[in-house]
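Chemist: The listed protein sequences correspond, in order, to chains Y, S and U. According to our numbering, the first sequence holds residues 1 to 157 in order. According to our numbering, the second sequence holds residues 1001 to 1157 in order. According to our numbering, the third sequence holds residues 2001 to 2157 in order. Ideal Cβ placement from N, Cα and C applies to all residues, glycine included. Fair warning: this is a prediction, and the values are worked out from it, not measured in the lab. Dumping the structure here so I can ask a few things about it.
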Amino acid sequence: MLIREKLEQRGLVIPPAQVVPEGMTFSYRRAVRHGNLVYIAGHGPSEGAGWGAPFGKVGVDLTVQEAYAAAELTALNVLGTLEREITGLDDVACWLKMTGWVNSGPEFTEHAQVINGATDLIRDLYGEDKVAARAAVGAPALPFDMPVEVDAVLALQ
Amino acid sequence: MLIREKLEQRGLVIPPAQVVPEGMTFSYRRAVRHGNLVYIAGHGPSEGAGWGAPFGKVGVDLTVQEAYAAAELTALNVLGTLEREITGLDDVACWLKMTGWVNSGPEFTEHAQVINGATDLIRDLYGEDKVAARAAVGAPALPFDMPVEVDAVLALQ
Amino acid sequence: MLIREKLEQRGLVIPPAQVVPEGMTFSYRRAVRHGNLVYIAGHGPSEGAGWGAPFGKVGVDLTVQEAYAAAELTALNVLGTLEREITGLDDVACWLKMTGWVNSGPEFTEHAQVINGATDLIRDLYGEDKVAARAAVGAPALPFDMPVEVDAVLALQ
């Protein structure tokens, strides 16, 4: 089954690219290909012109469940970037590494449970033998007060 | 001398793999090989069924010396994962990158001294010409309240 | 135009390598080459024997503008390491990934604006089609109380 079909089956939609404020320019790329390696920039739970998750600190402004959903949406954005900027979703040979940052305070310890929202989706779509090595860590704050940020390295077929 | 012999000479033991609570599944791999590149997930100072280091924040719950030992144990776990999941310890051509996160508060500045616990071990085992580029940074908290987390990228021969 | 000429045109100078206190040894390398991949260690705004930026937390001890300048200086140090330890600045085929940590408190959200100081320089020197994927995140503290830390992966021609 194609990845797009699996997404549809789960009722999941890849959001459109994050809308960029007029006049804003970027000095980085959302994805860079080198040979069959692809580096994906840090993404968050954006949804086109808005945000698909509450802002703020997990454990304070969001529950772990809400943050799990934000991490899943973040992974959908990673997939959207891959598809729009590099190649089709079915061209992935293997996910190599994902790093997930959780916007959280000094008492928080459930980083893994939050970032599972991103990596569970990748597992469900690509299978256990293609999932990435992962690091899940805390950050005292993130750009735009996003609750999570996830980047990735993957190999194409 | 084999890496295993160097470990023995130093009285160091690679702990068994971290025991996974029954029913728990993972959506990431501890190590992923692509060609001769290996990506190792974020590891901590676990020891089989338990933890080989005090929990908590370095500078508050642990001294820098205790955290150095925790980082060394973390590097032993990185080696254990490499050996159990990918290939023998002597097949490493070069360590490419290690990132070390230190669970610490806003006043802490000795991240390098802590993460040295991991990279000093790699240097002692593999030699100065094979050590990784490194980033050592703070995190306000880490999964399970681990004092340190370290991931790695390496090249096989 | 050569990268060195572009730097000169902008009045920018790559600082000398950070002076290492006598007797201090390192268990990591500032840059590691594997094939045509280069991994650059986490760098900060050092300037030879001193520091070219105020210490401390962005938003408290430094303004965003000062931190932008610190990130630019950090990128100059990344270039200096590349040139001293691996190869000439004009041998870069493509910047693949940069991660930027901003030393900042829980209320800070302008991480992107700070790390732009590093990636804007890379864009100005190498062009938009060679810039890296990027992650910009917060850290509660950084080694030596540096305001920013940046690491990089790049491909050589």
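1. Given that Y1104(S) touches chain U, what residues does it touch there, using C-beta distances under 9 Å?
2. Which of the three DSSP states is assigned to G2000(U) in this structure?
3. Could you tell me whether any Cβ in chain S is nearer than 7 Å to the Cβ of K57(Y)?
4. From L1125(S), F1026(S) and L1076(S), pick the residue whose C-alpha is nearest to that of E1149(S); which is it?
5. Looking at the unbroken alpha helix (DSSP H) that takes in D158(Y), where does it start and where does it end?
6. What are the boundary residues of the alpha helix (DSSP H) that includes A75(Y)?
7. Could you give the C-beta distance for P2143(U) and T1109(S), rounded to a whole number, given that I count them as a contact under 8 Å?
8. So, does the region 2133-2142 of chain U touch the region 2097-2112 of chain U, judging by three or more C-beta pairs under 8 Å?
9. Confirm, please, whether the CB-CB distance from P1106(S) to P2140(U) is below 7 Å.
10. Mind checking which residues open and close the alpha helix (DSSP H) that includes R2033(U)?
11. Which residues in the same chain have their Cβ closer than 8 Å to the Cβ of R10(Y), if we skip the five residues on either side of it in sequence?
12. Which residues in the same chain have their Cβ closer than 7 Å to the Cβ of R84(Y), if we skip the five residues on either side of it in sequence?
13. Just confirm the distance between the C-beta atoms of G1042(S) and D1151(S), as a whole number of angstroms; I'd bet it's less than 8 Å.
14. Of all the residues that make up the region 2026-2041 of chain U, which are near chain S by a beta-carbon distance shorter than 7 Å?
15. I'd like to know if K1006(S) contacts chain U, where contact means its C-beta is closer than 7 Å to some C-beta of that chain.
16. To which residues of the same chain is V2013(U) closer than 6 Å at the C-beta, ignoring the five residues directly before and after it?
17. Can you check which of these residues, G2048(U), M2001(U) and L2007(U), is closest to D2120(U) by C-alpha distance?
18. Excluding the 5 residues preceding and the 5 following C94(Y) in the sequence, name in chain order all residues of the same chain whose CB lies nearer than 6 Å to its CB.
19. Buried or exposed, going by whether 16 or more other CB atoms sit within 10 Å of the CB of P2045(U)?
20. Counting along the chain, where does the beta strand (DSSP E) carrying T109(Y) start and finish?
21. In chain C, which residues lie with their C-beta within 7 Å of the C-beta of F1144(S)?
22. Please state whether DSSP places R1134(S) in a helix, a strand or coil.
23. Helix or strand or just coil, what does DSSP make of G2050(U)?
24. Considering only the alpha carbon of each residue, which of A1112(S), G1088(S) and R1033(S) lies closest to V1005(S)?
25. For G56(Y), name the three-state secondary structure that DSSP assigns.
26. Can you tell which of G138(Y), R33(Y), V64(Y) and F55(Y) has the C-alpha that lies nearest to the C-alpha of T81(Y)?
27. Following the continuous beta strand (DSSP E) through I40(Y), name the residue where it begins and the one where it ends.
28. How would you list, in chain order, the residues of chain Y whose beta-carbon sits under 9 Å from the beta-carbon of D1151(S)?
29. Under the rule that 16 or more other beta-carbon atoms within 10 Å means buried, what is P2021(U), buried or exposed?
30. Looking at C-alpha atoms only, which residue of R29(Y), V153(Y), A67(Y) and G56(Y) is the closest neighbour of N116(Y)?
31. If we ignore side chains and look at the alpha-carbon of each, how far apart do W51(Y) and G1127(S) end up?
32. Does the distance from the CB of V2019(U) to the CB of A2049(U) come in under 7 Å?
33. Checking 7 Å against the spacing of the C-beta atoms, do T63(Y) and A118(Y) come in under that value?
34. Alpha carbon to alpha carbon, what distance is there between V1092(S) and E1072(S)?
35. CB-CB under 6 Å to E1047(S), same chain, minus the five flanking residues each way: which ones, in chain order?
36. Pull the bridge partners of K1006(S) from the DSSP assignment, please.
Modeler: According to the structure shown:
1. Against the second sequence, residue 1104(S) aligns to sequence position 104. Position check: residue 1104(S) holds Ser in this sequence, whereas Tyr was assumed. Result: P2140 and A2141.
2. As displayed, chain U neither begins before 2001 nor continues past 2157, which places residue 2000(U) out of reach and without an answer.
3. In the first sequence, the residue the question calls residue 57(Y) occupies position 57. No, K57(Y) does not count as interfacial toward chain S.
4. Within the second sequence, the letter at position 149 stands for residue 1149(S). When each option's Cα is compared against that of E1149(S), the closest is L1076(S).
5. Beyond the ends of chain Y as shown, which are 1 and 157, falls residue 158(Y); an answer cannot be given.
6. In the first sequence, counting from the first residue as 1, residue 75(Y) sits at position 75. Its alpha helix (DSSP H) spans residues V64 to E85.
7. Looking up residue 2143(U) in the third sequence gives position 143. Looking up residue 1109(S) in the second sequence gives position 109. Contact holds; Cβ gap of about 6 Å.
8. yes
9. On the third sequence, position 140 is the one that residue 2140(U) refers to. On the second sequence, position 106 is the one that residue 1106(S) refers to. The answer is yes: Cβ separation under 7 Å.
10. As a working note, residue 2033(U) is residue 33 in the third sequence. Looking at the DSSP string, R2033(U) is not in any alpha helix (DSSP H); the run it does join, the beta strand (DSSP E), is A2031 to H2034.
11. Reading the first sequence from its first residue, position 10 is the one you call residue 10(Y). Excluding residues within five positions, the ones whose Cβ falls inside 8 Å are D124.
12. Numbered from its first residue, the first sequence carries residue 84(Y) at position 84. Within the same chain, R84(Y) has close Cβ partners A17.
13. Taking the second sequence and counting its residues from 1, the one referred to as residue 1042(S) is at position 42. Taking the second sequence and counting its residues from 1, the one referred to as residue 1151(S) is at position 151. Right, the Cβ-Cβ distance comes to about 5 Å (below 8 Å), so this counts as a contact.
14. S2027, Y2028, R2029, R2030, A2031, V2032, H2034, Y2039, I2040 and A2041
15. If you number the second sequence from 1, residue 1006(S) lands on position 6. Chain U contact via Cβ: absent.
16. Mapped onto the third sequence, residue 2013(U) falls at position 13. No residues qualify anywhere along the chain.
17. Residue mapping note: residue 2120(U) aligns to position 120 of the third sequence, counting from 1. That would be L2007(U), whose Cα lies nearest to the Cα of D2120(U).
18. Within the first sequence, numbered from 1, the residue matching residue 94(Y) stands at position 94. Here the set comprises K130 and A155.
19. In the third sequence, counting from the first residue as 1, residue 2045(U) sits at position 45. Burial call: buried.
20. In the first sequence, counting from the first residue as 1, residue 109(Y) sits at position 109. Premise fails: T109(Y) is in no beta strand (DSSP E) and is neither H nor E.
21. In the structure shown, chain C cannot be found, because the protein chains are Y, S and U.
22. In the second sequence, residue 1134(S) corresponds to position 134, counting from 1. Strand, per DSSP.
23. For the purposes of this step, residue 2050(U) is taken as residue 50 along the third sequence, with counting starting at 1. Note: G2050(U) maps to strand in three-state DSSP.
24. Working through the second sequence from its first residue, we reach residue 1005(S) at position 5. According to the sequence shown, residue 1005(S) is Glu rather than Val. If we check each option's Cα against that of E1005(S), G1088(S) comes out closest.
25. The residue given as residue 56(Y) occupies position 56 in the first sequence. G56(Y): coil per DSSP, three-state reduction.
26. Reading the first sequence from its first residue, position 81 is the one you call residue 81(Y). The residue with the shortest Cα to Cα distance from T81(Y) is R33(Y).
27. The residue you call residue 40(Y) lines up with position 40 of the first sequence. Start and end: L37 to H43.
28. Walking along the second sequence from the start, residue 1151(S) turns up at place 151. Within chain Y, the residues near D1151(S) are K97, T99, A133, R134 and A135.
29. To locate residue 2021(U), count along the third sequence from 1; it is residue 21. So P2021(U) counts as exposed.
30. Counting from one through the first sequence, the residue named residue 116(Y) turns up at place 116. Among R29(Y), V153(Y), A67(Y) and G56(Y), the Cα nearest to that of N116(Y) belongs to A67(Y).
31. On the first sequence, position 51 is the one that residue 51(Y) refers to. On the second sequence, position 127 is the one that residue 1127(S) refers to. W51(Y) and G1127(S): Cα-Cα distance of roughly 48 Å.
32. Mapped onto the third sequence, residue 2019(U) falls at position 19. Mapped onto the third sequence, residue 2049(U) falls at position 49. Cβ distance < 7 Å, so V2019(U) and A2049(U) count as in contact.
33. Stepping through the first sequence from its first residue, residue 63(Y) is reached at position 63. Stepping through the first sequence from its first residue, residue 118(Y) is reached at position 118. Their beta carbons are not under 7 Å apart, which means T63(Y) does not touch A118(Y) by this criterion.
34. For the purposes of this step, residue 1072(S) is taken as the residue at position 72 of the second sequence. For the purposes of this step, residue 1092(S) is taken as the residue at position 92 of the second sequence. Roughly 18 Å between the two C-alpha positions.
35. Here the question's residue 1047(S) lines up with position 47 in the second sequence. So the list reads P1015, once near-sequence residues are dropped.
36. By one-based count along the second sequence, residue 1006(S) stands at place 6. Its beta-bridge partners do not exist; DSSP assigns none.
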